[in-house]
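Colleague: Got a structure for you, written out below as structure tokens; questions coming shortly.
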Amino acid sequence: MLGICRGRRKFLAASLTVLFVPAVTWIYLFAGSFEDGKPVSLSPLESQPHSPRYTASSQRERESLEVRMREVEEENRVLRKQLSLAQSRSPSHHHGNHSKTYSMEEGTGDSESLRAGIVAGNSSECGQQPAVEKCETIHVAIVCAGYNASRDVVTLVKSVLFHRRNPLHFHLIADSIAKQILATLFQTWMVPAVRIDFYDADELKSEVSWIPNKHYSGIYGLMKLVLTKTLPSNLERVIVLDTDITFATDIAELWAVFHKFKGQQVLGLVENQSDWYLGNLWKNHRPWPALGRGYNTGVILLLLDKLRKMKWEQMWRLTAERELMSMLSTSLADQDIFNAVIKQNPFLVYQLPCFWNVQLSDHTRSEQCYRDVSDLKVIHWNSPKKLRVKNKHVEFFRNLYLTFLEYDGNLLRRELFGCPSETDVNSENLQKQLSELDEDDLCYEFRRERFTVHRTHLYFLHYEYEPASDNTDVTLVAQLSMDRLQMLEAICKHWEGPISLALYLSDAEAQQFLRYAQGSEVLMSRHNVGYHIVYKEGQFYPVNLLRNVAMKHISTPYMFLSDIDFLPMYGLYEYLRKSVTQLDLANTKKALIVPAFETLRYRLSFPKSKAELLSMLDMGTLFTFRYHVWTKGHAPTNFAKWRTATTPYRVEWEADFEPYVVVRKDCPEYDRRFVGFGWNKVAHIMELDAQEYEFTVLPNAYMIHMPHAPSFDITKFRSNKQYRICLKTLKEEFQQDMSRHYGFAALKYLTAENNS
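In the UniProt record's numbering, the protein residues as written are 1 to 756.
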């Protein structure tokens, strides 16, 4: 590369000579043709001997100039010949975008080339970054811990995926929470040519826990220091990113910068864009030592192989120990230690152009990094205020961030043509199952939904709950979409125990939900509610998939399978815990039924006791659930008996029975073939019966359905004949599957269906 550049420099010098020498010559001739401040004409007519201005000396001067001109022309001819030969030997070059040069924080190769100029996409081969191979894998390391950081990582990854043209390998240093969230997310995202590896952040705590740190990132903000030890020994280079980064260009452009490193340069960093390390922000401000303004570690290029040979571990540890004797703690986590090392060893750093880390912190000088939108490469929200930071162009940056925040992640599942992906068994099985479906089948879309993999983000908000030690704890399980969001606060007021909710939302709706929850005192005061986002895909509401997601992620031994539009009676949580013990649910297969009622009034004075409920039932304020439209669904509960019951009583399964029950967490999942409206709970109760669960009605428990507008799916069921035909077909297939699975005992379901 250096040889090519030297050749091009010679070529450029020769070109300038061809243009420069004749120009100087003509200026000299033109200047020489003045005499006494007046121009002397060079026309043949005026240069004849009879001209009064003509002299012998001027004639000799003119002849000598003509001789000199012929010599210059001969030199130019030789130069042109040399240039043509050089051009014929040089390879063809592909030119990029026009270059833009900036006055500050330019990319530097070494101390001799400081301030060499930023090239955004130079048209000169010498200034261009070497192209990254088409299918070369780009390695990215991110430290991520906790619920909030897991959300931030998703936005960062979206911005990288949006622009990328290369396979990606993410190395995630994550705690147990982030690993659970992100492992499920990427597994269900199924993005081609993306590999994820996790490294246990909790195991690394001992490596950095001895360093006192005042930064809000806590102990995890120091873990970038130990990446040479943490990442695989055969990994030579990696781009390290903070979670609050947004990419505005292809990450391959940054990866290509590694080729510019020279000598002992092993760290690629952008200069810090605030005055923090200058120590003049406030009186008695005493920052860690740094070279000039210091460097920001939100974006780092690490040459891991060379760092290991340099004994990086020993280098940073000795520096940290020495500085902590006087500084006592770090203020900016790993960034302070990186800068202290660089201060002692400036040859380690390759200074990246500042547009690779436009820092939107307080007191930032980032505005000097860009003159146009096209100049932006990476935006770094490195202020604790994040999107609320003060900046001249913050509205533009905020909109760019929100674009990726609300961007449909399903659209990023695009193939990298020409780049082979690693074999994914799950993906192959899915494709095989889909290929076996008949696309001409009128119920094809229903059948396909069963195999659709929905991107899932577990624990979207902070969750913290330890189940009761007496093993009686019960979690309320439900699912909802955006149009039922208003029910959340009411349910939280009625049920003080843990809740597991699956929310079916688009990316944009997920952010609306986040803002809604963060603005609610009721929801923010509850840390025992697990919100699991299942992202929208397809034309049906995957009700049973949502229920399964919510069921799978409970931490208690029992669960109350409810729906979001029901309010449980006050005190139901404690009542169910007592019932679990009294009815020995731990050692018996029981499904405890909570009788369901409904009101047609949007404003209801909720009954505080069974006696009050019976009174409202008699007055017509309340009804047994679906008494007017679907009596069979809850008739087996035997409401007449419940009115006077004081002890639990057993009921038998009947066709179309769909009560709300309390069961052990190991109960069977819901059948995914049922989507939208119809038979989704009925099939589950049928399977419980097939597995010989005993249905027991609780005498002092109740729940009330609150009125709401009809769902989109029930509207389709009522208006679309094909919808009803397909539902009937799926129901028959389910019953046949039950017969094959449970044998002779399952024949009663077919008989009951024919008699109903």
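By construction, the Cβ of each residue, glycine as well, lies at the ideal position given by its N, Cα and C atoms. Bear in mind the structure is a predicted one, so any value in this text is a computation, not a measurement.
In three-state terms, what does DSSP make of residue 104?
Modeller: For residue 104, the predicted structure reports a pLDDT of 38, less than 50, and the residue's modelled location is therefore unreliable. The matter cannot be settled from this model.
Colleague: Should the region 233-247 be called in touch with the region 286-298, which here means at least 3 C-beta pairs below 8 Å?
Modeller: In short, these stretches touch, since the Cβ pair count reaches three.
Colleague: Just the Cα atoms here: how many angstroms apart are residue 225 and residue 136?
Modeller: Their Cα atoms are separated by approximately 26 Å.
Colleague: So, with DSSP's three-state summary, where would you put residue 543?
Modeller: Looking at residue 543 - three-state DSSP - the assignment turns out to be helix.
Colleague: For the alpha helix (DSSP H) containing residue 146, list its first residue and its last residue.
Modeller: Element bounds for residue 146: 146-163.
Colleague: Using the beta-carbon count (16 or more within 10 Å), is residue 382 buried or exposed?
Modeller: The residue is buried, with at least 16 neighbouring Cβ atoms inside 10 Å.
Colleague: What distance in whole Å lies between the Cβ atoms of residue 376 and residue 774, which are believed to be in contact at a cut-off of 8 Å?
Modeller: Past the boundaries of the shown model lies residue 774; the chain is included only from 1 to 756, so the question cannot be answered.
Colleague: If you run the structure through DSSP and keep just helix, strand and coil, what is residue 202?
Modeller: Residue 202: helix per DSSP, three-state reduction.
Colleague: Under 8 Å by Cβ, that's how I've got residue 341 and residue 316 pegged, so tell me the actual separation to the nearest angstrom.
Modeller: About 5 Å; that satisfies the 8 Å criterion.
Colleague: To the nearest angstrom, how far is the alpha carbon of residue 236 from that of residue 257?
Modeller: Their Cα atoms are separated by approximately 14 Å.
Colleague: Kindly list the residues whose CB is nearer than 7 Å to the CB of residue 472, restricted to its own chain and excluding five residues on each side of it in sequence; keep chain order.
Modeller: So the qualifying residues of the chain are 577, 580 and 581.
Colleague: In this structure, what does DSSP give as the bridge partners for residue 245?
Modeller: DSSP output for residue 245 lists 380 as bridge partner(s).
Colleague: Would you call residue 542 buried or exposed, if buried means 16 or more other Cβ atoms sit within 10 Å of its Cβ?
Modeller: Buried.
Colleague: If I'm right that residue 692 touches residue 589 with Cβ under 8 Å, what's the distance once you round it to whole angstroms?
Modeller: Residue 692 to residue 589, Cβ: 6 Å. Contact.
Colleague: Count the other C-beta atoms from every protein chain shown that fall within 10 angstroms of the C-beta of residue 272, then say buried if there are 16 or more, exposed otherwise.
Modeller: Buried is the call here.
Colleague: In the DSSP output, which residue or residues are listed as bridge partners for residue 197?
Modeller: According to DSSP, residue 197 bridges with 171.
Colleague: Quick check: the Cα distance between residue 679 and residue 500, rounded to an integer number of angstroms?
Modeller: The alpha-carbon atoms of residue 679 and residue 500 are separated by roughly 22 Å.
Colleague: Alpha carbon to alpha carbon, how far is residue 533 from residue 174? Give it in angstroms, no decimals.
Modeller: Taking the straight line from one Cα to the other gives about 20 Å.
Colleague: Identify the continuous alpha helix (DSSP H) that holds residue 309 and give its terminal residues.
Modeller: First-last of the alpha helix (DSSP H) with residue 309: 304-309.
Colleague: I'd like to check one pair, residue 193 with residue 168: are the Cβ atoms closer than 8 Å?
Modeller: Yes.
Colleague: What do you get for residue 309, buried or exposed, if any count of 16 or more other CB atoms within 10 angstroms of its CB means buried?
Modeller: Residue 309 comes out exposed.
Colleague: Does the beta-carbon of residue 139 have 16 or more other beta-carbons within 10 angstroms, so that it is buried, or is it exposed?
Modeller: Classification of residue 139: buried, given that the 10 Å Cβ count is 16 or more.
Colleague: If you draw a straight line from the C-alpha of residue 25 to the C-alpha of residue 371, how long is it?
Modeller: Reliability fails at residue 25, whose pLDDT of 44 lies under 50, so the model's placement of it is uncertain and the value that follows must be treated cautiously. When rounded, the distance between both Cα atoms is 40 Å.
Colleague: Determine the DSSP secondary structure at residue 475, reduced to helix, strand or coil.
Modeller: Here residue 475 sits in strand by DSSP.
Colleague: When you compare only the Cα positions, how much space is there between residue 645 and residue 539?
Modeller: Roughly 45 Å separates the two Cα atoms.
Colleague: Taking the runs of the alpha helix (DSSP H) that are 4 residues or longer, which of them lie wholly in the region 553-610?
Modeller: Here the runs fully enclosed are 572-582.
Colleague: Kindly confirm or deny that the region 426-443 and the region 500-517 touch, where touching means at least three C-beta pairs closer than 8 Å.
Modeller: Because the criterion of three Cβ pairs below 8 Å is not met, the region 426-443 and the region 500-517 do not touch.
Colleague: How is residue 211 classed by DSSP in three states: helix, strand or coil?
Modeller: Residue 211 falls in the coil class under three-state DSSP.
Colleague: Once you ignore the five residues that flank residue 673 on each side, which residues in its own chain have a CB closer than 7 Å to its CB?
Modeller: Only 450, 730 and 734 meet the Cβ criterion.
Colleague: Excluding the 5 residues preceding and the 5 following residue 725 in the sequence, name in chain order all residues of the same chain whose CB lies nearer than 8 Å to its CB.
Modeller: Within the same chain, residue 725 has close Cβ partners 442 and 443.
Colleague: If we ignore side chains and look at the alpha-carbon of each, how far apart do residue 417 and residue 411 end up?
Modeller: Rounded to the nearest angstrom, the two C-alpha atoms are 16 Å apart.
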